[in-house]
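If you count by the numbering used here, then the sequence shown holds residues 517 to 660, one letter each, in order.
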Amino acid sequence: MTLFNANKAIAQDLVGTYVSPTNFELFKSMLDENIEHQSPMYGSGMVGYEQVLEQGNFYMSNFSEVTFEDARWLPGVNEETLQADGSVRVYGTWKGTSIATGKKFSVDSYHYFVVKDGKILQSGDFFDATGMVMAVRADEETTE
């Protein structure tokens with residue numbers, strides 16, 4: 517559990533970069549340049565370093581009052597042996613406000629992190645990213 521606890525602290529710090537006030541430079545410094553990331557964006561699939569930076573910047577630049585609540589941090593396991601392998605998983609609820617519209621969001625999520633040499637080498641986000649963006653978009657103007 518020592519490796520899990522060390523990696524959990526790194527994952528918690530990374531998640532914390534999204535919480536208001538955000539910290540993009542710390543976020544960027546915590547990523548391995550060879551990161552493989554499962555994107556929550558529809559149709560994106562696995563993405564690399566540049567796309568992770570773009571997605572991080574999108575969330576950090578477009579939302580305020582962001583919190584990560586009811587976090588449940590758990591050890592990850594090797595898929596073959598089912599033994600703890602030092603990876604980290606977390607379930608929680610993201611809440612915040614769209615800067616553009618002032619609309620609030622709340623979305624349940626699951627994330628995983630594989631840490632190597634103190635940096636995030638693999639990660640994944642699972643939540644309804646498209647639904648979240650749609651929920652906070654500007655109301656459509658209607659003409660009568």
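Quick reminder that beta carbons are idealized off the backbone N, C-alpha and C, glycines included. None of these values were measured; they are calculated from a predicted model.
In this structure G608 does not touch D644 by the C-beta definition: roughly 14 Å separates them, more than the 8 Å allowed. Listed in chain order, the non-local C-beta contacts of V631 below 6 Å within the same chain comprise N523, I526, local neighbours out to five positions each way being set aside. Scanning W589, T613, V582 for the CA closest to the CA of Y628 turns up W589. Counting along the chain, F543 sits inside the alpha helix (DSSP H) bounded by residues 540-545. For V606, the enclosing beta strand (DSSP E) starts and ends at 600-614. Between the segment 592-603 and the segment 530-539 there are fewer than three inter-stretch CB-CB distances shorter than 8 Å, so the stretches are not counted as touching. Relative to N573, the option among F584, N594, E541 whose CA is nearest is E541. Put simply, the segment 641-655 touches the segment 552-561. At least three CB pairs are less than 8 Å apart. With contacts defined as CB atoms closer than 7 Å, E581 and T617 fail to qualify as a contacting pair.
With contacts defined by Cβ atoms closer than 7 Å, M650 and F621 do not form a contacting pair. With fewer than 16 other Cβ atoms inside 10 Å of its own Cβ, I615 counts as exposed.
With respect to the 7 Å criterion, D548 and K635 are classified as neighbours on the basis of their beta carbons. DSSP places A587 inside the beta strand (DSSP E), whose first and last residues are 579-593.
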